[in-house]
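Novice: Take this structure, written in structure tokens, and hold onto it; I'll ask about it next.
In the working numbering, the protein residues as written are 143 to 436.
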């Protein structure tokens, strides 16, 4: 399937506005259309007594969509912007609309839900169920960010897909890539002898071997992208968040080596999504290779 558009969900929330600006730049760099989507639905448990009420809610959605289109055109003048008004919940409607998208971009949380939650239901749903990269943008910009993309690597198929996505993004944005592999020994048994579960050196060497084997085939395709390697003894979620605090983007696979086969989203991926140290892209093993402008 030829997926040649960037899709962004917009509901006028602060996170959605930042996501839309990111998506507009992304579409421009890829030289593809930007599809701006807003999903509307009747928000009350009781059905409306008159069609006028339903049309009023739809009309409010159309006005929100118009605002999104206007913001996209202001961000990148001349961009091919294609508005789509969807009926349904944001989670389901955006997923259904993303069939032709090369990339889905949305804010970390929208106008609904609970204010204290860092991540909304639509972001979680799409990160879990979409079969293409999902880029989640937080509401707050934080410090000025370097042109640097951080990617977590553990040798899993999903992390290799994440690495390729990160390298392609770096080429598009003129950024460098920080390759991060975290390893952690399981600790020791309780008791006077404090025997280790396994040999820490062996754990380190196995992680290093997975790290090295994942890099070779990918780096060959991107000789023009500057990379740095960080091989760290630390919990993966913590080291990824720490490295991404001043980066423009953090890229992770949907689930890593330690995840159970039935797990839809790995623990490390969930951790960085909830901490949101920077915009986070979740890439699935089944994602196609990112397209670049020709």
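Using N, Cα and C, we set each Cβ at its ideal position, and we do this for glycine too.
Computed from a predicted structure; not experimentally measured.
With burial defined as no fewer than 16 other Cβ atoms inside 10 Å of the residue's Cβ, what is the status of residue 207: buried or exposed?
Specialist: Label assigned to residue 207: buried.
Novice: With respect to the alpha helix (DSSP H) encompassing residue 302, which residues constitute its N-terminal and C-terminal limits?
Specialist: Segment 299 to 315, the alpha helix (DSSP H) holding residue 302.
Novice: If we count the other Cβ atoms within 10 Å of its Cβ and call it buried at 16 or more, is residue 375 buried or exposed?
Specialist: By the 10 Å Cβ count, residue 375 comes out exposed.
Novice: Would you kindly check if the distance between the Cβ of residue 427 and the Cβ of residue 299 is under 8 angstroms?
Specialist: In this structure, residue 427 lies closer than 8 angstroms to residue 299 by Cβ.
Novice: Given a cut-off of 8 angstroms, decide if residue 146 and residue 174 are closer than it, judged by their beta-carbon atoms.
Specialist: In this structure, residue 146 lies closer than 8 angstroms to residue 174 by Cβ.
Novice: Between which two residues does the beta strand (DSSP E) carrying residue 225 extend?
Specialist: That run of the beta strand (DSSP E) goes 223 to 229.
Novice: Could you give the DSSP three-state label for residue 395: helix, strand or coil?
Specialist: Three-state result, residue 395: strand.
Novice: Taking C-alpha atoms, which residue in 236, 382, 214 lies nearest to residue 272?
Specialist: With distances taken between Cα atoms, residue 272 lies closest to 236.
Novice: Exposed or buried, which one is residue 332 when buried takes at least 16 other CB atoms within 10 Å?
Specialist: Confidence is the limiting factor: at residue 332 the pLDDT is only 47, short of 50, which leaves the residue's position unreliable and the question unanswerable from this model.
Novice: To which residues of the same chain is residue 243 closer than 8 angstroms at the C-beta, ignoring the five residues directly before and after it?
Specialist: For residue 243, where only same-chain residues beyond five positions count, the Cβ hits under 8 angstroms are 145, 147, 148, 149, 177, 274.
Novice: For residue 325, which residues of its own chain have a beta-carbon under 7 angstroms away from its beta-carbon, when the five flanking residues on both sides are left out?
Specialist: Excluding residues within five positions, the ones whose Cβ falls inside 7 angstroms are 345, 346, 349, 375.
Novice: Rounded to the nearest angstrom, how far is the Cβ of residue 393 from that of residue 369, given a contact under 8 angstroms?
Specialist: That pair is no contact at about 13 angstroms.
Novice: Less than 8 angstroms between the C-beta atoms of residue 171 and residue 315, yes or no?
Specialist: Yes, these two residues count as a Cβ contact at 8 angstroms.
Novice: Does chain B have any CB closer than 8 angstroms to the CB of residue 425?
Specialist: The structure shown contains no chain B; it holds only a single protein chain.
Novice: Assign residue 277 to one of two classes, buried (16 or more other C-beta atoms within 10 Å of its C-beta) or exposed (fewer than that).
Specialist: Its Cβ being crowded by 16 or more others within 10 Å, residue 277 is buried.
Novice: For residue 382, tell me which candidate among 420, 252, 351 has the shortest Cα-Cα distance.
Specialist: Nearest of 420, 252, 351 to residue 382, Cα basis: 420.
Novice: Quick one, are the C-beta atoms of residue 353 and residue 297 less than 8 angstroms apart?
Specialist: For residue 353 and residue 297, yes; Cβs fall inside 8 angstroms.
Novice: Would residue 180 pass as a contact of residue 231 if the rule is Cβ separation under 8 angstroms?
Specialist: Contact flag unset, no.
Novice: Between residue 305 and residue 356, how many whole angstroms is the CB-CB distance? I'm expecting something under 8 angstroms.
Specialist: The Cβ separation is near 6 angstroms, so the contact holds.
Novice: Taking the alpha helix (DSSP H) that residue 189 falls in, what are its first and last residues?
Specialist: Run containing residue 189: none; DSSP gives neither H nor E here.
Novice: If you count every other CB in all the chains shown that lies within 10 Å of the CB of residue 351, and 16 or more means buried, which is it?
Specialist: Classification of residue 351: exposed, given that the 10 Å Cβ count is below 16.
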